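Beneath this line is the structure, given in structure tokens, with notes to follow.
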Amino acid sequence: MTANPASITIPTLLSADEFATLHSHHRMELVKGYPKILPIPGAQHEKVCMTIGRLIGNHVADNDLGHVMGNDTFIQTGTNPDSVRGADVLFIPYDRLPRDQVPPGSASSRADGGDRSAIAFRSLARHRHQCR
Numbered sequence: 110m111t112a113n114p115a116s117i118t119i120p121t122l123l124s125a126d127e128f129a130t131l132h133s134h135h136r137m138e139l140v141k142g143y144p145k146i147l148p149i150p151g152a153q154h155e156k157v158c159m160t161i162g163r164l165i166g167n168h169v170a171d172n173d174l175g176h177v178m179g180n181d182t183f184i185q186t187g188t189n190p191d192s193v194r195g196a197d198v199l200f201i202p203y204d205r206l207p208r209d210q211v212p213p214g215s216a217s218s219r220a221d222g223g224d225r226s227a228i229a230f231r232s233l234a235r236h237r238h239q240c241r
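For reference, each letter of the sequence shown is one residue, going 110 to 241 in my numbering.
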């Protein structure tokens with residue numbers, strides 16, 4: 110039995126803004142315009158994230174460089190089509206996000222610009238889990 114081409118639904122690409130409106134409270138990321146459900150991280154993943162976050166956070170705090178965030182803080186990593194990923198550990202310098210202006214929702218910084226002023230880290234433990 111073959112599918113009727115008229116009945117096939119082609120998913121619509123989402124923009125970063127649409128994704129944030131629809132899925133900001135879900136364990137999801139936007140990958141090249143398509144929402145993807147994230148696996149729930151385990152203890153090994155969280156230990157790696159906390160260790161990296163602590164090491165980077167200590168250096169950033171000691172040198173008053175900017176913000177260190179974690180826990181899947183959203184950051185836009187691509188455009189046309191948009192991608193919004195949840196960083197395990199995220200560094201944004203104060204010149205990109207002033208010290209007193211951390212938003213209550215997602216970080217609005219971009220990691221794909223030529224200046225690379227935001228640095229996002231993803232745990233290898235999560236990537237191994239997603240590839241299984």
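Cβ coordinates follow ideal geometry from the N, Cα and C atoms, glycine included. Keep in mind it's a predicted model, so treat the numbers as computed, not measured.
Legend entry - Cα-Cα separation between His134 and Pro212, rounded to whole angstroms: 15 Å
Legend entry - 6 Å CB neighbourhood of Leu122 in its chain, flanking five on each side removed: Gly142, Pro190
Legend entry - Range covered by the alpha helix (DSSP H) that runs through Leu164: 152 to 171
Legend entry - Top-ranked residue by Cα proximity to Ile146, from Met137, Thr186, Gly175, Thr182: Met137
Inset, instruction - Note the first and the last residue of the continuous beta strand (DSSP E) segment covering Asp197. - result: 192 to 202
Legend entry - Alpha carbon of Gln210 to alpha carbon of Ile184, nearest angstrom: 16 Å
Legend entry - Host beta strand (DSSP E) of Thr121 (start-end): Per DSSP, Thr121 belongs to no beta strand (DSSP E) and is neither H nor E.
Legend entry - Nearest-angstrom Cα separation, counted from Pro150 out to Met159: 12 Å
Inset, instruction - Compare the beta carbon distance of Leu199 and Gly179 with 8 Å and say whether it is the shorter of the two. - result: yes
Legend entry - Cross-strand partners of His176 (DSSP beta bridge): Ile201
Legend entry - Residues bridged to Val140 [DSSP beta-bridge criterion]: Tyr143
Legend entry - Test item: CB-CB of Ala196 and Asp173 under 8 Å: no
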